[in-house]
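In mature numbering (1 follows the signal peptide of the UniProt record, and there is no 0), the protein residues as written are -18 to -1, 1 to 433.
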């Protein structure tokens, strides 16, 4: 079983790194956009539908039987020697953020299809022991007793502000109420699907869930969205886990009432406003200055958590070590509305240690409120998003590491050091699929340019 899997992954990497048609397909998908001058494909936009049709055709070219489910995921399947065996799923997404790079998502689909095409061309597609499925949001491919490939329809969540729609449905964690979420124009998910002639019901949505007993493991190939591999001089690395994430929204200022999307709370904040020139410094209550102090606090805490956190039930030496190696924090957005008397900013906090993340959030929030009290500025801190960390299966990661190492030796000859093992700070469809199978692993590929 391990040999068959390693051989399949080795072919995947060989195809990913050396097959010219894979590069041309990535470039072609990069030209399929809803915008002029930059890449943008959101859920069921015209460009997304066109890209899905291209991918479905490439699946069929690789010898796969294809179909589209009621959420727009494109599936492809090939029968191996034992169709009833648990499938290996390989997947990624085909939707994009605004002004995206061409590799984010499609790399995982195209590399999987390239490997399957090599097997198909050499008459080995139906001889593998385990089904392999390649997954991509709005595109789903199944290879029985060998591979199952899925192209998911919506991972980025740009249109509906709800990530992992496609993979969450496959994993069985997407609630039926998701059909009623709406985009900025007020069109619901259900409405979008019906506009595209897809007969969707709550029952059909829930039926998209895969039987956990039919899935052996999930692998996702993704471009590295950071500098670590390039700095180390490696084109490939293996991921040992995906960081848990919390997003906070901080509001400071005078009396305002904010109405966010339907699923969010109404927030009321009280403070004072003052003329820029007539209020003395000793009497000022400027929220921007308080926000600046909070942001500096965030940076200091996340660079050296041990200097801020105390040892208690939520924090011990092991937690501090994990935080020191994996904690990443930043401010994603800051704005003033309607003037400088109101400041709103968001905090994004990620780490592989969920208990440590809670300890950091508690300490950060407590100190932020202290800053507000000292400056006589009202503030509200809301948690807008939480996602637990996902730990990759050690056996599967080991096999991927061996396969990637062998592929690199074929490309480069002797390799002096071991392949890097990284934490993924970015969220991916693997987080949703982890609810379906314990065997989760990711491979990261560095490309010189993400354009």
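Each residue gets a CB set at the ideal place from its N, CA and C atoms; glycine is no exception.
key: Residues sharing a beta bridge with residue 69, DSSP   = Partner(s): 197.
key: Backbone CA spacing between residue 50 and residue 195 [nearest angstrom]   = Going by the C-alpha atoms only, they are around 22 Å apart.
Close Cβ partners of residue 415 (< 6 Å) along its chain, the five nearest in sequence each way excluded = Residues of the same chain with a CB within less than 6 Å of the CB of residue 415, apart from the 5 flanking positions on each side, are 149, 153, 200 in chain order.
request  = Measure the Cβ-Cβ separation of residue 329 and residue 279 and say whether it is below 8 Å.
outcome  = The answer is no: Cβ separation not under 8 Å.
inquiry  = Taking the alpha carbon of residue 55 as the reference point, which residue from 159, 187, 83 has its own alpha carbon closest?
reply    = The option with the nearest alpha carbon to residue 55 is 187.
query = In three-state terms, what does DSSP make of residue 75?
reply = Looking at residue 75 - three-state DSSP - the assignment turns out to be strand.
task = Assess, as a yes-or-no matter, whether the segment 225 to 234 is touched by the segment 364 to 372 under the definition of 3 or more beta carbon pairs within less than 8 Å.
result = Output reads yes: the segment 225 to 234 touches the segment 364 to 372.
query = Apart from the five residues just before and just after residue 99, which ones in its own chain have a Cβ nearer than 6 Å to its Cβ?
reply = In the same chain as residue 99, and ignoring 5 residues on each side of it, the C-beta atoms closer than 6 Å to its own belong to 44, in chain order.
query = Helix, strand or coil for residue 239 per DSSP?
reply = Reliability of the predicted coordinates at residue 239 is poor, the pLDDT of 36 falling under 50, and the value obtained from them is presented with this limitation in mind. Secondary structure at residue 239: strand, using DSSP grouped into helix, strand and coil.
query = What are the partner residues of residue 363, as DSSP defines its beta bridges?
reply = In the DSSP output, where bridge partners are listed per residue, residue 363 has 232.
request  = Could you give the DSSP three-state label for residue 44: helix, strand or coil?
outcome  = Note: residue 44 maps to coil in three-state DSSP.
request  = Consult DSSP for residue 369 and reduce its assignment to one of helix, strand or coil.
outcome  = Residue 369 falls in the strand class under three-state DSSP.
task = Compare the Cα-Cα distances from residue 376 to each of 223, 284, 162 and report the closest residue.
result = Among 223, 284, 162, the Cα nearest to that of residue 376 belongs to 223.
task = For residue 8, collect the residues of the same chain with a Cβ closer than 7 Å to its Cβ; drop the 5 residues on either side in sequence, then sort them by chain order.
result = Correct list, in chain order: 84, 85, 88, 89, 92.
message = residue 38 and residue 29 - do their beta-carbons sit closer together than 8 Å?
response = In this structure, residue 38 does not lie closer than 8 Å to residue 29 by Cβ.
task = Output yes or no for whether 8 Å exceeds the beta carbon distance between residue 334 and residue 225.
result = In this structure, residue 334 sits near residue 225, with a CB-CB distance shorter than 8 Å.
task = Would you please state the rounded distance, in angstroms, between the beta carbons of residue 288 and residue 302? I believe it to be under 8 Å.
result = Residue 288 to residue 302, Cβ: 5 Å. Contact.
query = So what does DSSP say about residue 355, is it helix, strand or coil?
reply = Here residue 355 sits in helix by DSSP.
Same chain, Cβ closer than 8 Å to residue 48, neighbours up to 5 away in sequence not counted = In its chain, beyond the 5 residues on either side, 38, 41, 42, 56, 57, 58, 59, 123 have a beta carbon closer than 8 Å to the beta carbon of residue 48.
inquiry  = Can you list, in chain order, the residues of its chain with a C-beta nearer than 6 Å to that of residue 107? Leave out the 5 residues immediately preceding and following it.
reply    = Excluding sequence neighbours, residue 107 sits near 45, 60, 101.
inquiry  = Suppose the cutoff is 6 Å on Cβ atoms and the five residues either side in sequence are ignored; what does the same chain contact list for residue 275 look like?
reply    = Only 353 meet the Cβ criterion.
ask   = DSSP state of residue 26, grouped into three classes?
value = Looking at residue 26 - three-state DSSP - the assignment turns out to be coil, as it is neither helix nor strand.
query = Is residue 177 closer than 8 Å to residue 158 when the C-beta atoms are compared?
reply = No; because the gap between Cβ atoms is not below 8 Å, this pair is not in contact.
key: Inter-residue Cα distance where the pair is residue 358 and residue 261   = Rounded to whole angstroms, the separation of the alpha carbons of residue 261 and residue 358 is 15 Å.
ask   = Excluding five sequence neighbours on each side, which residues of the same chain lie with their C-beta closer than 8 Å to the C-beta of residue 14?
value = Excluding sequence neighbours, residue 14 sits near 23, 29, 32, 33, 36.
inquiry  = Using only CA atoms, which one of 62, 78, 227, 272 lies nearest to residue 17?
reply    = The shortest C-alpha separation from residue 17 is found at 78.
message = Contact defined as beta carbons within less than 8 Å: I believe residue 218 pairs with residue 390. What is the distance between those atoms, to the nearest angstrom?
response = Correct: roughly 6 Å between the Cβ atoms.
Assigned secondary structure, residue 208 (DSSP; H/G/I helix, E/B strand, else coil) = In this structure, residue 208 counts as coil in the three-state DSSP scheme.
Whether residue 53 touches residue 211 by CB criterion (8 Å) = For the 8 Å CB-CB criterion, residue 53 and residue 211 do not form a contact.
ask   = So, using beta-carbon positions, are residue 270 and residue 325 closer together than 8 Å?
value = In this structure, residue 325 lies closer than 8 Å to residue 270 by Cβ.
ask   = Whose C-beta lies closer than 6 Å to the C-beta of residue 175 among residues of the same chain, with five residues either side of it excluded?
value = 182.
ask   = Counting along the chain, where does the alpha helix (DSSP H) carrying residue 95 start and finish?
value = First-last of the alpha helix (DSSP H) with residue 95: 88 to 103.
task = Would you give the residue range spanned by the beta strand (DSSP E) that residue 224 belongs to?
result = Taken as a continuous stretch (DSSP letters only), the beta strand (DSSP E) holding residue 224 covers 218 to 224.
task = Check each candidate in 74, 81, 71 and name the one with the smallest Cα separation from residue 19.
result = Here the closest residue by C-alpha is 81.
request  = Have a look at 419, 403, 407 and flag the residue whose alpha-carbon is nearest the alpha-carbon of residue 214.
outcome  = Ranked by Cα distance from residue 214, the options 419, 403, 407 are led by 403.
query = Since residue 345 and residue 305 are thought to touch, with beta carbons under 8 Å apart, how far apart are those beta carbons, to the nearest angstrom?
reply = Actually they do not touch by this definition, with Cβ atoms about 11 Å apart.
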